[in-house]
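Protein chains in written order, with my numbering: chain A, 1 to 349; chain B, 350 to 698.
Ideal Cβ placement from N, Cα and C applies to all residues, glycine included.
Below is one structure; the comments refer to it alone.
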């Protein structure tokens with residue numbers, strides 16, 4: 001059995017190699033054209049970095065389906081299951097562009113100052129430009145997804161997945177906002193919310209290569225399920241990391257979810273176990289909270305068993321996600337998708 | 350020759366009959382589902398009214414192409430040129446949904462209080478909800494456009510038109526915002542800006558039925574040109590009406606473009622003819638401007654010949670748009686599209 005450390009190294013290497021290719025493809029798909037300020041703002045967050053986890057899921061799923069060795073086959077001319085060539089990289093960039101659009105608009109809605117260690121787009125530019133940059137990325141993602149060269153019936157199905165995914169992300173974000181104004185939220189409600197807000201884009205990332213390459217419905221369904229499971233596991237781990245990773249490493253204030261009274265699986269569990277969540281941190285301003293306050297809050301959540309509970313749920317979901325991969329040929333790329341599921345819940349940031 | 354009054358009556362009747370059908374279709378395509386607040390906010394502006402000019406262009410172009418009498422054929426089961434049935438109403442609603450999304454986000458960017466005589470969505474709800482309502486309409490428009498039942502190759506082309514149209518609208522809005530910060534803007538720059546901000550959605554409305562119904566490229570191109578011409582004529586007339594129609598009738602403060610220092614063909618012309626545009630209205634707050642100030646400003650623009658110049662340009666564009674319709678069979682629906690071009694520049698509001 002691989003140790004978590006060895007697995008993390010292998011996953012980070014695999015992610016890193018794909019990230020470089022994705023980073024090269026982004027300016028090709030989204031060049032800075034007139035009006036330059038709009039496109040610079042649209043590219044700002046994409047250029048600021050990011051792990052490119054969703055494109056990595058997409059590209060690796062394609063490799064597993066095509067049964068080719070990882071990184072052996074050009075993503076721009078990738079073999080479909082019927083021998084037709086498709087541009088898998090265009091689909092990968094499209095998904096990352098959607099992710100970037102949602103982050104830009106989310107940061108406006110949450111009035112967050114920092115993202116990926118740099119100012120949020122509405123801080124670096126202004127709210128107007130940030131709204132418009134997000135809107136531009138939105139339609140560009142559709143344009144880019146139309147450039148895969150897949151046959152029209154599969155292109156239509158891919159576009160349908162992309163559109164319904166975006167709708168569900170909006171629904172999830174709306175639930176997330178409405179939960180902030182509510183006290184009690186059930187575990188089921190929370191899991192539904194993160195499925196829509198976060199996991200559907202992982203589901204799209206895992207199922208789109210199957211759709212574009214011409215896989216059968218059972219395979220598409222199973223891969224979508226993998227994405228839903230690991231996507232939720234990822235979000236739960238993200239909520240844990242918000243509490244446990246130092247601000248410098250996180251690229252934003254540690255504990256900001258608590259300060260902003262966001263519902264997470266941790267707070268949902270803690271409230272059910274008698275913790276006074278609203279009383280954990282006094283201020284509602286991330287600029288005024290102290291590290292000591294966050295330390296005390298985390299200690300209380302730990303003693304209620306809430307962080308352990310969240311870790312356990314993430315583990316269950318990741319394991320279920322891995323099981324769904326049995327629909328794929330048993331190859332190196334599939335192994336990487338399994339490792340990726342583990343990495344998403346074991347990662348330190 | 351028809352008198353402008355008779356033509357206006359005929360157009361308003363035709364628009365009204367289609368509007369009722371579009372109004373019935375909107376809740377079918379965009380039902381209020383969970384999370385209800387999000388969908389209520391998404392529907393708020395659509396339900397507040399609107400002339401449905403773009404859906405009318407789309408549905409009437411379909412009738413002209415199919416060579417059927419206006420309103421004789423169900424839009425939900427509309428005959429394509431190859432005899433296949435398509436849902437033309439879905440395409441019409443999709444275009445109106447895009448229009449509504451852009452208005453919601455534009456009102457946030459311009460911080461406008463009123464739209465269609467009711468509070469803007471970000472005033473009735475809040476900025477967060479308005480951003481998200483617009484984002485939801487965005488993807489819903491793509492979902493709805495995928496429900497026309499057109500063969501996949503045509504559906505892909507329609508989606509391409511929709512996506513590139515949205516991108517160009519964003520580019521146009523960005524140019525519009527950047528023009529506000531600039532003094533001199535040339536006539537060509539202004540016309541390019543309104544082509545992107547406004548006319549491309551008319552071009553999509555006129556060309557989408559041709560694409561979905563299976564017309565040839567020449568027809569698609571000519572209809573797109575009709576939309577670009579009448580769309581620009583419409584925007585120029587809109588800028589004229591902002592100065593000349595009483596606030597109550599306009600549903601917002603008359604002269605608000607002047608107060609907000611928006612560039613219009615009128616101000617571009619007036620500046621070129623020595624008018625001190627920045628000095629026309631003292632305040633930059635629409636709530637503080639007086640009717641007398643607007644009256645004086647309009648008088649100065651009139652004596653510079655700027656309003657007449659804008660009217661002449663709108664007339665030229667509308668006439669050129671009508672000429673492009675020669676690609677269509679000579680029938681009642683085509684006559685209506687010609688009348689519509691005239692109406693767009695003759696309308697009183």
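Short CB-CB distance (under 7 Å) between residue i and chain A
| i | result |
| --- | --- |
| residue 516(B) | yes |
| residue 488(B) | yes |
| residue 542(B) | no |
| residue 491(B) | yes |
| residue 473(B) | no |
| residue 538(B) | no |
| residue 520(B) | yes |
Closer than 7 Å at the beta carbon, the chain A residues around residue i
| i | result |
| --- | --- |
| residue 454(B) | 131, 135 |
Residue i (DSSP reduced to helix, strand or coil)
| i | result |
| --- | --- |
| residue 463(B) | strand |
| residue 264(A) | coil |
| residue 86(A) | strand |
| residue 404(B) | helix |
| residue 209(A) | helix |
Residue i burial status per 10 Å Cβ neighbour count (16 or more: buried)
| i | result |
| --- | --- |
| residue 6(A) | exposed |
| residue 273(A) | exposed |
| residue 150(A) | buried |
| residue 125(A) | buried |
| residue 33(A) | exposed |
| residue 544(B) | buried |
| residue 530(B) | exposed |
| residue 296(A) | exposed |
| residue 13(A) | exposed |
| residue 249(A) | exposed |
| residue 426(B) | exposed |
| residue 338(A) | buried |
| residue 558(B) | buried |
| residue 63(A) | buried |
| residue 24(A) | exposed |
| residue 187(A) | exposed |
Terminal residues of the alpha helix (DSSP H) in which residue i lies
| i | result |
| --- | --- |
| residue 353(B) | 353 to 378 |
| residue 178(A) | 152 to 180 |
| residue 311(A) | 306 to 324 |
| residue 298(A) | 291 to 303 |
| residue 430(B) | Careful: residue 430(B) lies outside any alpha helix (DSSP H) and carries neither H nor E. |
| residue 37(A) | 36 to 47 |
| residue 129(A) | 127 to 145 |
| residue 593(B) | 566 to 593 |
| residue 605(B) | 605 to 608 |
| residue 252(A) | No alpha helix (DSSP H) holds residue 252(A); DSSP gives it neither H nor E. |
| residue 282(A) | First-last for residue 282(A): undefined, no H or E at that position. |
| residue 349(A) | No alpha helix (DSSP H) holds residue 349(A); DSSP gives it neither H nor E. |
| residue 536(B) | 536 to 543 |
8 Å Cβ cut-off: residues of chain A touching residue i
| i | result |
| --- | --- |
| residue 386(B) | 174, 178 |
| residue 505(B) | 146, 152, 155, 156, 159 |
Contacts of residue i in chain B (Cβ-Cβ under 9 Å)
| i | result |
| --- | --- |
| residue 310(A) | In chain order: nothing, as chain B lies at least about 24 Å away. |
Test: residue i CB closer than 7 Å to a CB of chain B
| i | result |
| --- | --- |
| residue 161(A) | no |
| residue 313(A) | no |
| residue 109(A) | yes |
| residue 40(A) | no |
| residue 128(A) | yes |
| residue 218(A) | no |
Partner residues on chain B for residue i, Cβ-Cβ distance less than 8 Å
| i | result |
| --- | --- |
| residue 164(A) | 488, 492 |
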